[in-house]
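S.K.:
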Amino acid sequence: MQLRYNYRAYPDASQRRALARAFGCARVVWNDCLRDRKEAHAAGLPYVKSAELSRLRITQAKRTEERAWLAEVSAVVLQQSLRDLDTAYKNFFDSIKGKQRGRKVGPPRYKSKKDTRQSIRLNTNAFAVQANGAVYVAKVGNLKVKWSRPLPVGPTSLTVTRDSCGRYFLSFVVNTEPDLLPEAGVDTGIDLGLSAFAVLSDGRRIDSPRFLRRAEKKLRRLQRELSRKVKGSKNRAKAPIKVARQHARVADRRRDFHHKASTQIIRDNQAVYVEDLAVAGLGRTRLAKSVHDAGWSAFVGMLKYKAVKHGRTFCKVDRGFPSSQICSACGFRDGPKPLHIRQWMCGGCGTVHDRDHNAARNVLFEGRRIVATGGAETENACGAPVRRAHMPAQRGEAGSPRKSHTTQAGIPGLRSGSTSSWEA
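Residue numbering for the sequence shown follows the working numbering, beginning at 30 and increasing consecutively.
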């Protein structure tokens, strides 16, 4: 399976300039190749092959006066940008043909230098992990990296990213075997909500931290300051960065909370069942801000890939399953209930239920039923093998394995005890 390990990088001034050139050149190659394919499609011509685009927009373009500066960056950066465009087109074609599950994928779009996220991707020909802990990037130099944990094996690809608030990150893709945990012997159903972030079938509750709500006062102040700045002034250029930093803090805290909660649940339970919520639909209601603040999709995604990594069973219960209407004690369906009703009495057996706990228990029972029929993506509760889904690296970025080139696994001098409590 593929895992992604992210680390903070601290380039100096010259390295930041070199990375800016690499971001710009990769963006230009993407836009030039995309323009050629769009124009060919509009003219009714065949789909332009990657080999032809590589010859025209990379090799020959370097020899022209208008694109001579493409030679200032590593050729791997330019070739990987073209490969990323091929991947974007493949995902688009697979989506319209029905080969790709999930939401429809749109065609590739042009990139802008004003995009909040700039990135380049490299294979093992263009980067290496040094013995002193620095990461060498071709035509950039040795980048200083904050190693929070060692790499389990040699990485197969590297993505260098600059976010909206000017931070740089190195994202390594590694191919590793599952790290199986000892069997826990218990399973759990999870009901996700807003008043409580999650309620487990055993009665445990995970409170909702509401990171965005807690930061709203400071965000409002920063947004007011931004709106008052004179356009074109230096202070106007600084103000958006302050807003972006505050949003980044909120996102980092939420991500850290998701990792810790999902890791604890996976370690404590042999099987995890969760309801498949329509987050995109809920994001268009009056609860949109609270729904996005909770980050259910990211949390469920972490549960899924950690279950595969650690040999646990993970199963989604269909969103049409009436978990809030069924009595978990006798199975009597008592009908729909408004959201403000948090407790209700079963009309069949008279049991008084907490709405969230009852829903979590129903998710548990339905998940067990699905697993017993072979509907889960990992081994079921009886140990019968069930087809395991392919788990790509997180954040939608694919690796580029080059078996003939390997880099160093782990960082010398970094103790094994420094590994983070939540891993990728």
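A virtual CB, placed ideally from N, CA and C, is assigned to each residue, including glycine.
Every value quoted in this text rests on a predicted model; they were computed, and no experiment measured them.
Just to confirm my understanding: we take G364, look at its own chain, exclude 5 residues before and 5 after, and list those with CB closer than 8 Å. What are they?
M.R.: Q354
S.K.: Out of L63, F122, R33, R96, point me to the one whose CA is closest to L82's CA.
M.R.: Here the closest residue by C-alpha is L63.
S.K.: Is it right to say R56 is buried, meaning 16 or more other beta carbons lie within 10 angstroms of its own, or is it exposed?
M.R.: buried
S.K.: Indicate the three-state DSSP secondary structure (helix, strand or coil) for E206 in the structure shown.
M.R.: coil
S.K.: Out of curiosity, what's the CA-to-CA distance linking S326 and L223?
M.R.: 14 Å
S.K.: When the Cα of R283 is compared with those of S319, P75, D305, which residue comes out closest?
M.R.: S319
S.K.: Using only CA atoms, which one of I219, I294, K366 lies nearest to R341?
M.R.: I294
S.K.: Are the CB atoms of Y302 and L368 nearer to each other than 8 Å?
M.R.: no
S.K.: Beta-carbon within less than 6 Å of C194's beta-carbon, same chain only, minus the 5 sequence neighbours each way: which residues are those?
M.R.: I270, A273, R274, A277
S.K.: Candidates L107, A49, N387: which alpha carbon is nearest Q89's?
M.R.: L107
S.K.: H321: which of R242, R398, P351, K335 sits nearest, CA to CA?
M.R.: R242
S.K.: If you compare alpha carbons, which of A227, L306, R239, A49 is closest to Q147?
M.R.: A49
S.K.: Do R390 and S230 count as a contact pair if the criterion is CB distance below 8 Å?
M.R.: In this structure, the beta-carbon distance from S230 to R390 falls below 8 Å.
S.K.: Could you compute how far the alpha carbon of V400 sits from the alpha carbon of C344?
M.R.: 7 Å
S.K.: For L99, tell me which candidate among K133, F122, F52 has the shortest Cα-Cα distance.
M.R.: F52
S.K.: For the alpha helix (DSSP H) that contains F121, what are its first and last residues?
M.R.: 104-126
S.K.: Can you tell me which of the three DSSP states H369 falls into?
M.R.: Correct three-state label for H369: coil.
S.K.: Can you tell which of Y36, A155, A323 has the C-alpha that lies nearest to the C-alpha of V18?
M.R.: Outside the shown range of the chain, which is 30 to 453, sits residue 18, and nothing can be said about it.
S.K.: Looking at the unbroken beta strand (DSSP E) that takes in V164, where does it start and where does it end?
M.R.: Taken as a continuous stretch (DSSP letters only), the beta strand (DSSP E) holding V164 covers 164-166.
S.K.: Between Q31 and G218, what straight-line distance do the alpha-carbon atoms span, to the nearest angstrom?
M.R.: 27 Å
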